[in-house]
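Going by UniProt numbering, 25 is the number at position 25 of the sequence shown; the sequence numbering is gapless.
Ideal Cβ positions, reconstructed from N, Cα and C, are used throughout, including at glycine.
Let me begin by presenting the structure, written as structure tokens, before commenting on it.
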Amino acid sequence: MEVATRLTWMQEKKLQNYFGEKQFSLLYKASVHGFSTDRLLQICSNQGPTLTVIYSEDQIVGAYMQKDYGEGNYLIAVFVFQETTITECKVGPFKLPMLFDKNVDGNLEVSIHLKEKTMYFNKKAMEKLGLSQIYISFQDCEVFRCEDLLDERKMSGLTELKESLLCAIRNYIPYGGLVHKVRILLLGPVGAGKSSFFNSVRSIFRGHVTNQALVGSDPTGTSEKYRTYFIKDGKDNNTLPFILCDTMGLSEKEGLDMDDIPYILEGHFPDKYQFNSLKLRPKGIGNHTGCPLLKDRIHCVAFVFSANSVGQLSHEMVEKIKRIRRELIKSDVVHVVLLTHVDTLDLITKGDLIDVYKCVPVKLQLEAVHRKLGFALSDIFVVSNYTSEWELEPVIDVLILSALKEMLRAADDFLENFPLEKTGACQEVHEYANSGESGDSAFGLRHILSIDNEHIRFTKGTKPMKKHKGCPGPIVTESVLVKQSVTSGGPDSFMKLPMKDQTLNHED
């Protein structure tokens, strides 16, 4: 029969944190094993540090013993736990079994009488602990073995898991070999931890904590440019098969312009593109990349939220996020959530991060994201970024690498479902424009405004393009090339038609 403690989850977490991030294993329960000192000592000796918990009618009292029962004279930490407050005083030194000897009343500050179900305190201990009487009656007594939450065995397991994840990510090949590297866009409110996540990923692969991307909590954020971060593996200096893309933070009135998002998704923005949250973005493509390929597109979007602020998201912010999600769904872009700063939630310890999805405060935050923003629970990944640490920690590394692995899988889902005909037109134009057969190398790609399944728009005033195979005549003004056959390939599959809509804005 499984024996369960009377401690609530909250009470257990408070005691675990108070006595130095310990894990409790219930050894003895008086109501099950009997109110016998001999039985208690038989079960609990040679177990290392222990915590004895006494349950009275209106409070919890107990004793934390840092040494084994069979060892010499030691101090004992006696405590009273009332609601959320723990009061402690040190007693001793004396041999630990004497704590359960009723014949020492008056000689020791504290003693526990199991058979009589009473606990004795001398006047000095009573006053230190804020008690009103020297004897307390109790209903039950429990003894727990206390172990470090991250012991050597668990650390070894974490290290093995980390190496397995590193190997999987290093050897990752995007679906179908359609691209060499997948692009993951990080979106989220100012201060959520987007730049910190990039720094954390880079730190893990470099083997030490680094800070390439600026991090801050300024209301306007520190990411005012669109950044595309390539990460080199510290093991062999090879570039890893993914690119992390960072943007301005989202905010109710300023921050990233909603109109910019489709262009980001399609790959129009170059690295270091300067955002301007205070002015309207010029209409048209402007200085964006005119004809992005599949490799330039965003293949997965990760919304980044702080676990401490999900509940405080304003109505305006929630609506903005939902609008972005609708745009992502329209573009068939797979999107997930990174929940950062979980290590700063109340009562969370590093030991909890080993099995973080079973941790009550984390589960509450996951449900809050699901309820408030509509994300599936299976699409929400918990991470702890490196923000103040000097050294890498396996438990943090595993969380970050696990989330990254899931994002790579999401990118594969996008690539698998992406219509191949959408990649053909741009590829042909790139090959033609860069082939030298256009007759003017300056033509290049800078004159291509945009491309979709049917149309390729060029800037007004494009220099004449020499006739190439079946390509009908030079382009002398703004035109639209209509793709007649995606599968035929080459410039022969295009024909020149006049642009009907003359409202398109142009480059100067």
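query	result
Grab the span of the beta strand (DSSP E) containing Gly234 for me, first residue to last.	Note, Gly234: premise wrong, no beta strand (DSSP E); not H, not E.
Secondary structure at Leu114, three-state DSSP: helix, strand or coil?	coil
Report all residues from its chain with a CB closer than 7 Å to the CB of Gly188; omit the five preceding and five following residues, and keep chain order.	Lys194, Gly249, Leu250, Phe303, Val304, Phe305
Return helix, strand or coil for Thr84, following the three-state DSSP convention.	coil
Helix or strand or just coil, what does DSSP make of Cys291?	coil
Within this structure, are the beta carbons of Cys141 and Ile54 separated by less than 9 Å?	yes
On the DSSP bridge list, what partners appear for Tyr229?	Leu244
Using the three-state DSSP reduction, which class does Ala411 fall into: helix, strand or coil?	helix
Can you tell me whether Glu252 is helix, strand or coil according to DSSP?	coil
Assign Ser111 to one of two classes, buried (16 or more other C-beta atoms within 10 Å of its C-beta) or exposed (fewer than that).	buried
If we ignore side chains and look at the alpha-carbon of each, how far apart do Ile264 and Val3 end up?	56 Å
In the structure shown, what three-state DSSP assignment does Glu147 receive?	strand
Span of the beta strand (DSSP E) holding Lys22?	22 to 29
For Pro241 versus Val182, is the C-beta distance shorter than 9 Å?	yes
Nearest by alpha-carbon distance to Asp397: which of Gly20, Ile329, Phe198, Tyr18 is it?	Phe198
Would you call His208 buried or exposed, if buried means 16 or more other Cβ atoms sit within 10 Å of its Cβ?	exposed
Quick one: complete alpha helix (DSSP H) runs, 4+ long, within the segment 337 to 413?	360 to 373
Near Tyr28, what residues of its chain come up, given a Cβ to Cβ distance below 6 Å and the 5 sequence neighbours on each side ignored?	Leu40, Ile43, Cys44, Val143
Report the option in Phe414, Met155, Trp9 whose CA atom is closest to the CA atom of Asp332.	Phe414
From Met407 to Pro174, what distance separates their C-alpha atoms?	12 Å
In its own chain, which residues sit with a C-beta less than 6 Å from the C-beta of Gln139, not counting the 5 before and 5 after it?	Tyr55
Can you give the beta carbon distance from Val342 to Ala307, rounded, assuming they're within the 8 Å contact cut?	5 Å
Are there three or more Cβ pairs, one per stretch, closer than 8 Å when the segment 115 to 125 is compared with the segment 149 to 160?	no
Work out the CA separation of Leu186 and Ile60 for me, nearest whole Å.	47 Å
Check whether the Cβ of Ile321 lies closer than 8 Å to any heavy atom of the ligand SAH, and answer yes or no.	Here there are no bound small molecules, and the ligand SAH is not part of this structure.
Could you tell me the alpha carbon to alpha carbon distance between Tyr120 and Asp352, rounded to whole angstroms?	35 Å
How about Lys154 and Ile354: do their beta carbons lie closer than 9 Å?	yes
To the nearest angstrom, report how far apart Gln66 and Gly311 are at their CA atoms.	40 Å
Would you report the Cα separation of Leu108 and Thr349, rounded to the nearest angstrom?	35 Å
Let me check understanding here. Comparing Cα to Cα, which of Leu244, Glu224, Asp236, Asn237 lies closest to Phe230?	Leu244
Below 8 Å CB to CB, which residues in the same chain sit around Thr159 once its five sequence neighbours on both sides are set aside?	Pro394
For Asp101, I'd like the list of residues in its chain whose CB is within less than 7 Å of its CB, leaving aside the five on either flank, ordered along the chain.	Ser111
Using a 10 Å radius around the Cβ and a threshold of 16 neighbouring Cβ atoms, would you call Leu313 buried or exposed?	buried
Is Glu109 helix, strand or coil when you go by DSSP?	coil
Using the beta-carbon count (16 or more within 10 Å), is Val318 buried or exposed?	exposed
In its own chain, which residues sit with a C-beta less than 6 Å from the C-beta of Gly267, not counting the 5 before and 5 after it?	Pro292, Asp296, Arg297
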